[in-house]
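Residue numbers (this note's numbering): 135 to 283.
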Amino acid sequence: MLFNITGRPPLYIEKAAYDEMLLHAKEAYPHECCGVLVGSGLKDKRVFQSHRVKNTNTDRAKDRYNIDPVEIHIIDRSARAEGLDVLGFYHSHPDHPDRPSEYDREWGQVGYSYVIVSVMNGKDVSVKSWVIADEKDPYKEEKIKVTEP
Numbered sequence: 135m136l137f138n139i140t141g142r143p144p145l146y147i148e149k150a151a152y153d154e155m156l157l158h159a160k161e162a163y164p165h166e167c168c169g170v171l172v173g174s175g176l177k178d179k180r181v182f183q184s185h186r187v188k189n190t191n192t193d194r195a196k197d198r199y200n201i202d203p204v205e206i207h208i209i210d211r212s213a214r215a216e217g218l219d220v221l222g223f224y225h226s227h228p229d230h231p232d233r234p235s236e237y238d239r240e241w242g243q244v245g246y247s248y249v250i251v252s253v254m255n256g257k258d259v260s261v262k263s264w265v266i267a268d269e270k271d272p273y274k275e276e277k278i279k280v281t282e283p
């Protein structure tokens, strides 16, 4: 099993889900996009699906995102019907690095993966995943491993 410098196993993301996140981020530029990551977390975290959701923060869409809890509930219920779980969330940082902002740090929840897609000038993309191990632990980088189905 692969481990990153923090000793945590990587977040495995199927290529189709990964590519969808990147496309979503580029299409939403210069605004932040957001979505929900669905997969299996039994042995390790494996993302099979990335679901686009609406950024409900219309006042600050260039540097903030909010997801309607009803959308999360609908996706979670559908995932559970397939034997899957919500493993985390993704969002973009237009013209900013792929590191958690103070706003991200304020709203993150323990155990979920937070993938940040940095889009520079509408095209250049870098991607990192972050996780909070416990409430006292700040975001730690989680290596991403893109996989084929």
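Glycine included, every Cβ here is placed at the ideal spot set by N, Cα and C. Bear in mind the structure is a predicted one, so any value in this text is a computation, not a measurement.
Secondary structure note for P231: it is in no alpha helix (DSSP H), with a DSSP letter that is neither H nor E. Annotation: the continuous beta strand (DSSP E) that includes D258 extends over D258 to V265. Where H207 is concerned, the enclosing alpha helix (DSSP H) starts and stops at P203 to A215.
Look at H165 here: in three-state DSSP terms it is coil, with no helix or strand label.
In the three-state reduction of the DSSP assignment, Y237 falls in the helix class, which pools H, G and I.
Contact fails between the region 201-208 and the region 238-253, because fewer than three Cβ pairs, one in each stretch, are under 8 Å apart.
Rounded to whole angstroms, G256 and I208 show a C-alpha spacing of 31 Å. When DSSP states are grouped into helix, strand and coil, L221 belongs to the strand group.
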